Amino acid sequence: MQASKRISTLLEGGSDGWEVFLRAREMIANGTLVTELTIGEHDIRTAAPILQDMHRAAMAGHTGYAAIPGIDPLRKEIADRVSARTGVPTKPENVMITPGGQAALFATHLAVLDPGDTALYIDPYYATYPGTLRGVSAKPVAIKAHATDAFQPRAADIAAAAQGAKSLLINTPNNPTGVIYSRDTLKSIADVCHKHDLWLISDEVYDTQIWEGEHISPRALDGMAKRTLVVGSMSKSHAMTGSRIGWIIGPENIIEHLINLATHTTYGVAGFVQEAALFALRLGDDFETEIAEPFRRRRALAYAQLAQQSVVGMIPNGGAMYMMLDISATGLSGQEFAFALLESHHIAVMPGESFGAAAGGHIRVAMTIEDNAFAAALATICQFAKTLSDET
Ligand code: PLP
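Position 59 of the sequence shown, counted from 1, bears residue number 49 in the working numbering, the numbering being contiguous throughout.
Below, the structure is given as structure tokens:
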């Protein structure tokens, strides 16, 4: 018996770009000490007070089926937060709670695309994007952003592919590049959306990790609220990756459909997790700054270190927990460099190619280990790149 085409093609060609990561995990399982700078996970765990509140909620009996759209106070808290942060009046009816941002990405596309519809996304991209689009039976079309533009997408390139397309997926602050889309970039993207009648899916899961400049939610741009679905998550902002809690913000009619979808898929999110999420959001801005702080610190360390050499280039990262490093001076692809670094120095990074062709010749470094170890790993990466480039 065969699995469906839809599910079989989630990973095109059977590869999902995680080969270096899997090799690193294999080495670790075999007893090798590997410095992991691969996945976007904090080096701290969820804060104890949040876990205590989760425990309290569970012990208080919030262990049955929870309201499928999300519990009322959490929907209201998120609506108020979004209204305050973006200036767009947002009601609880514009909010649906999801088991994390990834589920929200899948659901939003299912809500706006029919089988065969063209769905645009920007390359470099978060590794699950093409599979998510194939998973809803859409036709994914990647629009290349360029390293020479610091990976700000060009509206003209999007417009050139937009004829007949139904949706555009963007992500700012961006994984893998750390780039924050400027107001001009977002305005020009909004213009393309208006002109070609596109839905905009805006993945904003890194919106609390801003090192330079400002995060602009494109939903706040003129006329965009009616055609934008925002994906949010507490994974990165509150170090709650394992709790699986996120949300979708959008027009009420789409949220109603999404609630029907949840009724037929997830049946909602655990009530005790939602209560803990509410507690966590009410810890306020200071807590979010505290969670983001280690990445801000390590980014400053990296800038100082990279300024002292000229082999490894850096895409200026205004946000998120990653750095995209240009290792093309070594003559290797990102994939070759990452494998060679892993085998020779036991440091695991992600090849740029794992996030699309546009990031070829780059590696993504997650700033997710303790400061001194991070600085040491970065020094080794630079030294390794220098040795390779001297040989070429
Ligand atoms: N979107 C982006 C850009 C991400 O980097 C991630 C996770 O790394 C997600 C969405 C999904 O996050 P989660 O499902 O943990 O909320």
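For each residue, glycine too, the CB sits at the ideal point set by N, CA and C. Please read all numbers here as calculations on a predicted model, not as lab measurements.
Spatially closest choice to residue i from the options, by CA coordinates
i     : options                : result
R35   : S192, G232, A140, A146 : G232
M230  : R71, G90, L110, T253   : G90
A292  : E16, C372, A282, L251  : C372
I249  : V195, A101, G350       : A101
R234  : A266, N243, K177       : A266
L332  : T22, L0, E2            : T22
T76   : A94, H205, A117        : H205
K129  : G51, R(-4), L273, A270 : R(-4)
H336  : G342, S227, A328       : A328
P39   : E2, T28, A282, L273    : L273
S73   : A215, E280, M314       : A215
A346  : T118, A282, A48        : The displayed chain sequence assigns Gly, not Ala, to residue 346. Checked all of T118, A282, A48; the closest Cα to G346 is T118.
S(-2) : K81, P114, S127        : S127
H32   : E194, G309, A282, A330 : A282
R217  : P241, Q295, Q325       : P241
Q92   : A294, G351, D212, M224 : M224
Y55   : E326, G261, A47        : G261
P114  : G236, M313, A330, L64  : M313
N243  : P82, A180, Q298        : P82
I245  : R46, R65, L41, E194    : R65
Rounded straight-line distance, which links the Cα of residue j to that of residue i
i     : j    : result
E381  : S323 : 15 angstroms
T122  : D104 : 14 angstroms
P163  : T253 : 31 angstroms
R173  : A210 : 11 angstroms
A151  : N307 : 27 angstroms
L271  : E67  : 8 angstroms
K177  : G51  : 47 angstroms
I112  : Y196 : 16 angstroms
F285  : R354 : 14 angstroms
S207  : W8   : 30 angstroms
A386  : T53  : What the structure shows of the chain is the stretch from -9 to 382, and residue 386 is not part of that stretch, so it cannot be assessed.
A149  : N362 : 45 angstroms
T88   : T256 : 8 angstroms
L315  : V78  : 36 angstroms
E343  : A109 : 21 angstroms
A146  : A369 : 39 angstroms
T80   : P120 : 30 angstroms
R144  : A356 : 26 angstroms
G276  : P341 : The amino acid occupying residue 276 in the given sequence is Asp; Gly does not appear at that position. Their Cα atoms are separated by approximately 34 angstroms.
A137  : D62  : 43 angstroms
M(-9) : E2   : 20 angstroms
D43   : M49  : 10 angstroms
A330  : Y171 : 32 angstroms
N84   : E194 : 16 angstroms
Beta-carbon gap between residue i and residue j smaller than 9 angstroms
i    : j    : result
A140 : V182 : no
A19  : A338 : no
A155 : D107 : yes
A57  : G258 : yes
P166 : A349 : yes
A365 : I238 : no
A375 : V302 : yes
T358 : M311 : yes
Q153 : H184 : no
E278 : S227 : yes
L219 : T98  : yes
A132 : Q142 : no
M86  : G60  : yes
G321 : L378 : yes
T28  : F11  : yes
S157 : I191 : yes
E202 : G309 : yes
Coil, strand or helix - residue i by DSSP
i    : result
G422 : The displayed coordinates of the chain run from -9 to 382. Any statement about residue 422 would go beyond what the structure contains.
I206 : coil
K226 : coil
G342 : helix
N20  : coil
A375 : helix
T76  : helix
E26  : strand
A260 : coil
R354 : strand
S323 : coil
M49  : helix
D62  : helix
N161 : strand
L1   : coil
Heavy atom of the ligand COA within 8 angstroms of residue i beta-carbon
i   : result
L95 : Absent from the structure shown: the ligand COA. Ligands present: the ligand PLP.
Cβ of residue i within 9 angstroms of any chain D Cβ
i    : result
V301 : Protein chains in the displayed structure number just one, and chain D is not present.
Quiz item: What are the start and end residues of each continuous alpha helix (DSSP H) run of 4 or more residues lying completely inside the segment 80 to 150, in chain order?
Solution: Segments of the alpha helix (DSSP H) lying fully in the segment 80 to 150: 91 to 102, 119 to 125.
Quiz item: Which runs of the alpha helix (DSSP H) fall wholly inside the segment 173 to 220 and span at least 4 residues, in chain order?
Solution: Runs of the alpha helix (DSSP H) lying entirely within the segment 173 to 220, each at least 4 residues long, are 173 to 186 in chain order.
Quiz item: Counting only runs that start and end within the segment 267 to 292, where is the beta strand (DSSP E) found for 3 or more residues in a row?
Solution: Listed in chain order, there is nothing to give.
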